[in-house]
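Asks:
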Amino acid sequence: MAETARQIADDLRSRITSGELDAGDRLPGEPALVTKYGVAKETARRALTLLVTEGLAVRKRGSGTYVRDFRPIRRVANRRLAQDGWGAGRSIWGADLGDRQLSVVDLKVSETAPPSQVARSLDLGEAESVIVRSRRFVVEGEPVQMATSYLPAELVRESAIAQPDTGPGGTYARLADLGLAPVRFTEELRARMPSPAESDLLALSEGTPVVEICRTAFTKEGRPIEVNQMLLDAGVYVLEYHLDS
Numbered sequence: 450m451a452e453t454a455r456q457i458a459d460d461l462r463s464r465i466t467s468g469e470l471d472a473g474d475r476l477p478g479e480p481a482l483v484t485k486y487g488v489a490k491e492t493a494r495r496a497l498t499l500l501v502t503e504g505l506a507v508r509k510r511g512s513g514t515y516v517r518d519f520r521p522i523r524r525v526a527n528r529r530l531a532q533d534g535w536g537a538g539r540s541i542w543g544a545d546l547g548d549r550q551l552s553v554v555d556l557k558v559s560e561t562a563p564p565s566q567v568a569r570s571l572d573l574g575e576a577e578s579v580i581v582r583s584r585r586f587v588v589e590g591e592p593v594q595m596a597t598s599y600l601p602a603e604l605v606r607e608s609a610i611a612q613p614d615t616g617p618g619g620t621y622a623r624l625a626d627l628g629l630a631p632v633r634f635t636e637e638l639r640a641r642m643p644s645p646a647e648s649d650l651l652a653l654s655e656g657t658p659v660v661e662i663c664r665t666a667f668t669k670e671g672r673p674i675e676v677n678q679m680l681l682d683a684g685v686y687v688l689e690y691h692l693d694s
């Protein structure tokens, strides 16, 4: 009986996780899978696409499909947002990456009118503007996330938040300097397929979804002080949350 695409992907995945197929190794091509499993070429293609979508494999045009040579990023929201990190001048990315190399590219800072949803989240009046910080994050040469932060311009335009380099501890440390330290956060997550432009910016393989996260930061008085809209390559992230009962 012919194997399904999911069963073939399960077989290949077990060979990857066991170490039989190592990072950078070429996976069996469609003709080899057709012969081995007795399936149609389209079924073989779907099996390989499943592994690409999971972030375990990458396609190289004209060459084949290879085991991805990249360690997943474990994003522990509780740990990365802890005040003892950014409050001590450390990047919140340090909680995710340790000593792995991080680059910030395409950084743009501007003042503009907020999108309507952001204005509602920040409780802004009709004539109020926001400082916008947009950037793309690259880890070990791979783009992994895009992010755009919105903060009330009236409160932060005279601070380093309105400059490209916010200094040690980043935006949250500068908010603390202004007496606006964030002490509570909410995050809304949604998985979806990316637009063509998003796929290009994150260098996504065909069929790879993204995780959209919208985080709102609040001061101890309950004032919303930042909205951060993030787009993550779902294939390279593990999202971990620690919840007390």
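If you count by my numbering, then the sequence shown holds residues 450 to 694, one letter each, in order.
Positions of the beta carbon are idealized from the N, C-alpha and C atoms, including for glycine.
1. Between which two residues does the beta strand (DSSP E) harbouring residue 453 extend?
2. Between the Cα of residue 639 and the Cα atoms of 630, 623, 556, 688, which residue gives the shortest distance?
3. Where does residue 686 land, buried or exposed, given buried means 16+ other C-beta within 10 angstroms?
4. By the 10 Å Cβ neighbour count, where 16 or more other Cβ atoms means buried, how is residue 690 classified, buried or exposed?
5. Work out the CA separation of residue 629 and residue 668 for me, nearest whole Å.
6. Along the chain, where does the beta strand (DSSP E) containing residue 644 start, and where does it finish?
7. Between the segment 514–532 and the segment 482–495, are three or more C-beta pairs nearer than 8 Å?
8. Given a threshold of 16 other Cβ atoms within 10 Å of its Cβ, counted over all protein chains shown, does residue 631 qualify as buried or as exposed?
9. Could you spell out where the beta strand (DSSP E) holding residue 509 opens and where it closes?
10. Residue 509: which of 678, 680, 652, 679 sits nearest, CA to CA?
11. What does the alpha-carbon distance come out to for the pair residue 649 and residue 516?
12. Using CA coordinates, which residue listed in 579, 552, 618, 627 is at the minimum distance from residue 593?
13. With contact counted as at least three CB pairs below 8 Å, one residue from each stretch, are the segment 596–604 and the segment 540–551 in contact?
14. Terminal residues of the continuous alpha helix (DSSP H) containing residue 680?
15. Exposed or buried, which one is residue 477 when buried takes at least 16 other CB atoms within 10 Å?
16. To the nearest angstrom, how far is the alpha carbon of residue 591 from that of residue 501?
17. Tell me which residues share the same chain as residue 529 and place their Cβ nearer than 7 Å to its Cβ, disregarding the 5 neighbours each side in the sequence.
18. Short of 7 Å in beta carbon distance, which residues of its chain neighbour residue 642, apart from the five on each side in sequence? Order them along the chain.
19. Tell me which same chain residues have a C-beta within less than 6 Å of the C-beta of residue 454, skipping the five on either side of it?
Replies: So, from the listed chains and residues:
1. Neither: residue 453 is in no beta strand (DSSP E) and is coded neither H nor E.
2. 688
3. buried
4. exposed
5. Counting only the Cα atoms, residue 629 lies some 6 Å from residue 668.
6. Per DSSP, residue 644 belongs to no beta strand (DSSP E) and is neither H nor E.
7. With the cut-off at 8 Å, the segment 514–532 and the segment 482–495 do not touch.
8. Residue environment for residue 631: buried (at least 16 other C-beta atoms within 10 angstroms of its C-beta).
9. 506–509
10. 652
11. 21 Å
12. Comparing alpha-carbon positions, the option among 579, 552, 618, 627 lying closest to residue 593 turns out to be 552.
13. no
14. Where residue 680 is concerned, there is no enclosing alpha helix (DSSP H), although the beta strand (DSSP E) around it starts and stops at 673–682.
15. buried
16. 15 Å
17. Only 541, 544, 545 meet the Cβ criterion.
18. The answer, listed in chain order, is 658.
19. Non-local beta-carbon contacts of residue 454 in its own chain, meaning distances under 6 Å to residues more than five positions away in sequence, involve 492, 495, 496 in chain order.
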